[in-house]
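Below is one structure, written out as structure tokens; the observations come after it.
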Amino acid sequence: MPTVILVRHGRSTANATGVLAGRLAGVHLDEAGVAQAVAVGERLAGVRLAVAVTSPLERCRETAREITSRQAAPLRAGTDKQLSECDYGEWQGRPLKELAKEKLWRTVQAQPSAATFPGGESMRAMQDRAVAAIRRHDARVASEHGDDAVWLAVSHGDVIKSVLADALGTHLDLFQRIHVDPASVSVVRYTETRPFVLGTNTHGGDLAWLTPPRKPRRTSHARRADAEVGGGAGPQTAGS
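This is how it looks when you write it as structure tokens:
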């Protein structure tokens, strides 16, 4: 039952100019995006990350680098193309204000499960491969680092929204209700019973509580995997 921290890349040059970058090469963080990534790295500096995985696109690798470089122990992010941006096909590289006039835009807004981008992939396929990748890495982290491990995944807005929708048990057609800003932090813990969504689209606050004490309180497997009736006492931090 590890915990995954989902981070969207910081603001990119395409975000700043209102262009749908998709999988185009050469899209980097702009100055504001670098500052955002640094802030996330500082926010996560007190969290012991066991593993870091990132989309192979430059803006995600740059964000991951700012985060991992601020860890107390050396950590290098691996890449996974299954965490890459949605393949928007013929839409990528075009201004969003122009795309908003397309008929498909309305489908993406109201029924994304029925949307397939011309020359690209469907939003359903995007969700399927992203969720499968997150769960696969989570199982590996559990096997190699234990159930209390915390790990990092850096990806893209629609990809993270689709993972959160799955964790919340929400149909893909409702995933536009979820908001994921550049350099935002969302947190999910998967268990044998269900995923627990611990936070979405957060921008501030200490996250050291995600790293359990070195000698955690003895807790039964059933309790760790179940939702506590009444809401429970909250996380036990290293100093509590």
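For the sequence shown, the numbering used here puts the final residue at 245, and the numbers step up evenly by one. Just so you know, even glycine gets a beta-carbon here, dropped at the ideal spot from N, CA and C.
Three or more pairs of CB atoms, one per stretch, sit closer than 8 Å, so the region 52 to 60 contacts the region 77 to 95. Membership of W156 in the beta strand (DSSP E) is indicated by the continuous run 155 to 160. A distance below 7 Å between beta-carbons, with the five flanking residues on each side excluded, links T205 to the following residues of its chain, in chain order: L169, I183, S191. Contact between the region 207 to 216 and the region 35 to 53 is present: three or more C-beta pairs spanning the two stretches fall below 8 Å. L25 and G98 have their alpha carbons spaced roughly 5 Å apart. Annotation: the continuous alpha helix (DSSP H) that includes A21 extends over 18 to 22. If one requires a minimum length of 4 residues, the alpha helix (DSSP H) runs lying completely within the region 46 to 105 are 63 to 73, 101 to 104, in chain order.
Between G46 and E63, the gap from beta carbon to beta carbon reaches 7 Å or more. In terms of Cβ geometry, A188 and G15 form a close pair [threshold 7 Å]. By DSSP's assignment, G204 forms a beta bridge with V192. Between Y195 and D143, the C-beta spacing is below 7 Å.
Remark: C-beta atoms of T59 and A44 do not approach each other more closely than 7 Å.
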